[in-house]
Structure formats: structure tokens, C-alpha cells
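Below is one structure, written out as C-alpha cells; the observations come after it.
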Amino acid sequence: QKVHSLSEQTTKVLAGLQTDVDVLALVPKTDMPPVREFLDRYAYASDRFKVTYADPNERPGLLEKYGIRPDQLEKGLVRVAIGGDSVEVTELTEQNLTNALVKLTRTGEKVVYFLEGHGERAIEKAPGDARNGYARAATSLRNENYRVETLLLASVGDVPKDADVVIIAGPTRPLLDVEIQALERYVARGGAVFALVDPRVQTNLVELINRWGVVLGNDVVVDRSLALFNRAMTPFAARY
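Going by this note's numbering, the first residue of the sequence shown is number 38, and it counts up by one from there.
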């Protein structure tokens, strides 16, 4: 079931390491076994992933050396370093640890622009909008060393030259003609667009991406099992 296996993304990141990664696990001895088991998977996959284990209660000097506060050690702490750069992981999960490696090894800054002005999902936290906003998505991108910006295309007239991708996250209103033209110029010069389109919205984005060879169907999904409960039009995933 791959419960104890690293994901394909993590394996690729480890295989691509060009320099040694120095990992310091500051965890009390009583909590060390599961941490050691987890980090050993990374060390087994790459000889460049070098781990040192230390109990912070026995070696307080390490906290002073690396400027780590005692309150950061509530759940233990793993310090990941390459050269003079480091990332501290306080919640040890594969996603967090691999993101730390990506952040330290990525060369050059990647820039992601979220289009705004048409009712798109907000990337900043707003009261009462936690379910619909994309703040967590923006945070995850920043954690992987991307620079995340908003783009009000109608006011700037063109997609910035440093844009690696433009994300159009669920617009509810049509784009202006000048915005459509700006996006077409951006794609024509090799730009990338990630379009997220909700059903039954009043937007001309569908026509735009049709011209790029992407066809969105106006379809209906019927869940035969839920039809027994008069909810055939509300598909529900029982297992992921």
C-alpha cells in the first residue's frame, strides 16, 4: 500500500540533489524512533541526505548555535541546511520536508501571478472566506520558493515579462477585450496559463481557451448510487 514509501515527487527531488544536505533532528529521545524511521527513508534514497540526531535537552548548545528558540521544539524540530541556507521544519511530514528541500535547491525565482478583477478566488485570507479562498494554495507556492503576486490586467495592460505562469482561479465575470488580447500575446510568446473554470458561470474564458485547443463540455455528472437518495446530481467521493 506504499504506506512506508516516499512519493514519486520526493524521490525525484532526492535524485536531483547536487550537493550534500545536512539535516539536524532535534527531538527528545523518547520521541526519536518514529522520527528516525521517517528520516531514514530519505537517507536510504540518497547518499547526499545526511542526518544527525540530537536530544535538545542533552545538547542545549545546539539551540544557541542555530538561533532556535525553546518554544519551537514543542513537537521537535528538523533543521535542513544546504551550504549557508537552512529551513526549519516543525511539523514533520513528507510534504513539509520535501518542500524544504525544493526551497533550498531551486535556482532562480519563479513568479506566479493570480489574475484578479473578475470575481476570482482571493489568495489572501478574508474573514469567513476560508473555504472559497486560495490562501492555502498561495502559501504552499511560497513555501516552495515561488513569488506569488496578483495581477490586475486591465490596469497594467500586459502580462509582466517575469511571469512563469498566470493562474485564472474561477472568474465569475467576463474578461475585458484588452485583457483577452494581453493573455493571447502572453501565450503566443511561450507563456503558461492555468485556468480553473466553475460550471455555469458568466465568463468568456471558455471561448478564449477554446482558441488554444481546449474544449470544455457543458456536461452533467450523475451518481447512480446517490440517485437512490434523490441526490443523483450531487456526486460524492466516498473513497480517495
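For each residue, glycine too, the CB sits at the ideal point set by N, CA and C. From a predicted model like this one, the values you see are computed outputs, not experimental measurements.
In chain order, what residues of the same chain lie with their CB nearer than 6 Å to the CB of Val238, ignoring the 5 residues before and after it?
Counting only Cβ-Cβ distances below 6 Å, and skipping sequence neighbours, we find Thr209.
So for Thr187, helix, strand or coil by DSSP?
Strand at Thr187.
Using the C-alpha atoms, what's the distance from Ser123 back to Leu51?
Their Cα atoms are separated by approximately 16 Å.
Less than 8 Å between the CB atoms is what I'm expecting for Glu131 and Thr47, so what's the real figure, rounded?
With 8 Å as the limit, Glu131 and Thr47 qualify as a contact, their Cβ atoms being about 6 Å apart.
According to DSSP, is Leu43 part of a helix, a strand, or is it coil?
Three-state result, Leu43: coil.
Express the C-alpha separation of Asn267 and Arg179 in angstroms, rounding to a whole number.
Looking at the two C-alpha atoms, the distance is approximately 43 Å.
Since Ala62 contacts Val88 with CB under 8 Å, what's their CB separation in whole angstroms?
Ala62 to Val88, Cβ: 6 Å. Contact.
Hey, could you find the ends of the alpha helix (DSSP H) Leu110 is sitting in?
Segment: none, Leu110 is in no alpha helix (DSSP H) and carries neither H nor E.
Between Leu190 and Ala200, what straight-line distance do the alpha-carbon atoms span, to the nearest angstrom?
The alpha-carbon atoms of Leu190 and Ala200 are separated by roughly 12 Å.
Specify the secondary structure class of Leu253 as computed by DSSP and reduced to three states.
Correct three-state label for Leu253: coil.
Hey, would you say Glu153 sits closer than 9 Å to Leu188, going by beta carbons?
Result yes, Cβ atoms of Glu153 and Leu188 sit closer than 9 Å.
So for Thr214, helix, strand or coil by DSSP?
Thr is not the amino acid found at residue 214; the sequence shown has Asp there. Asp214 falls in the helix class under three-state DSSP.
Below 9 Å between beta carbons: does that hold for Ala206 and Phe151?
Taking 9 Å as the Cβ cut-off, Ala206 and Phe151 qualify as a contacting pair.
Go through its chain and collect everything with a Cβ distance to Gly170's Cβ below 8 Å, but skip five positions before and after it.
Closer than 8 Å at Cβ, skipping near neighbours: Arg158, Ala159, Ile160, Glu161, Lys162 and Ala163.
Under 9 Å between the Cβ atoms of Gly113 and Val60?
No, the pair does not count as a contact, with Cβ atoms beyond the cut-off.
Classify Ile204 as helix, strand or coil using the three-state DSSP reduction.
Looking at Ile204 - three-state DSSP - the assignment turns out to be strand.
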